[in-house]
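S.K.:
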Amino acid sequence: TPFHLAVMLGNVPIVKLLMRCGSSITLKDRNGNTVIHLAVKSGTNKDVLGLILSHPDAKDILNALDHEGYSALHYAVLKNNTAAVGCLQNVGAQMNVIDGKSGRSPLIHAILNRNEEMVSLLLECGACAEVTDYSGRSAFELALHASTKSIVHLLEARLFTNDLMESITNQENSKTPKRNALRTKRNNKNIENDKIRTN
């Protein structure tokens with residue numbers, strides 16, 4: 001539609017005009033994209049995204065998935081668009097929405113992309129590290145196997161701080177990443193205490 005095109009081009013005056021004329025913001029294109037998807041994916045003027053999100057009907061499409069199975073927040077993370085993440089979070093986007101392909105949350109995508117800045121931002125916005133994908137793997141577990149040490153430390157700190165580490169369990173294997181992490185912490189603490197006593 002003309003509205004979709006104006007959003008993709010980042011044409012603020014035309015977007016404003018079409019919104020005043022009553023253009024529907026809930027219509028999707030043939031690929032299942034909402035205007036929020038298009039604003040984020042095209043990386044156009046931040047003001048365009050702000051205009052769309054200020055519309056009363058924006059809440060109806062805020063967490064919608066396109067035909068690829070991704071929400072606008074997923075694309076904001078994949079494109080490393082921190083400004084868009086902030087805008088979406090401010091209007092109530094679901095920070096733990098999972099994609100339709102692998103069941104990965106935006107946080108998991110950021111972890112697998114080894115994007116420490118994005119991981120930190122998502123955690124600040126309320127993303128949960130214990131959310132699992134369709135394979136039952138948590139963000140923390142995936143970070144242990146496929147991300148950087150600094151990201152693992154970010155997640156570990158958040159899990160310990162919020163006392164959430166106990167929720168990450170594997171009923172079939174007692175040697176879970178969570179228990180190993182806890183055991184390592186305890187062992188390091190014991191070593192430090194032994195050193196203090198011997199000095």
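If you read the sequence shown in full-length UniProt numbering, its first letter stands for residue 1, the second for the next number, and so on.
Backbone N, C-alpha and C define an ideal beta-carbon position, used for all residues, glycine too.
Please tell me whether A64 and H37 are closer than 9 Å, where the distance is taken between their beta carbons.
M.R.: The answer is yes: Cβ separation under 9 Å.
S.K.: Compare the Cα-Cα distances from K46 to each of T26, G69, G10 and report the closest residue.
M.R.: Ranking the options by Cα distance to K46, first place goes to G10.
S.K.: Suppose contacts are defined by Cβ-Cβ distances below 9 Å. Is L88 in contact with E130 by that definition?
M.R.: No, these two residues do not count as a Cβ contact at 9 Å.
S.K.: Look up T132 in the DSSP assignment and give the residues it is bridged to.
M.R.: DSSP output for T132 lists S138 as bridge partner(s).
S.K.: Between the C-alpha atoms of P13 and P106, what's the straight-line distance to the nearest angstrom?
M.R.: Looking at the two C-alpha atoms, the distance is approximately 31 Å.
S.K.: Given a cut-off of 9 Å on the beta-carbon distance, is the pair G43 and E68 in contact?
M.R.: In this structure, E68 does not lie closer than 9 Å to G43 by Cβ.
S.K.: Is the distance from the Cβ of S138 to the Cβ of E116 below 9 Å?
M.R.: No, the Cβ-Cβ distance between S138 and E116 is not below 9 Å.
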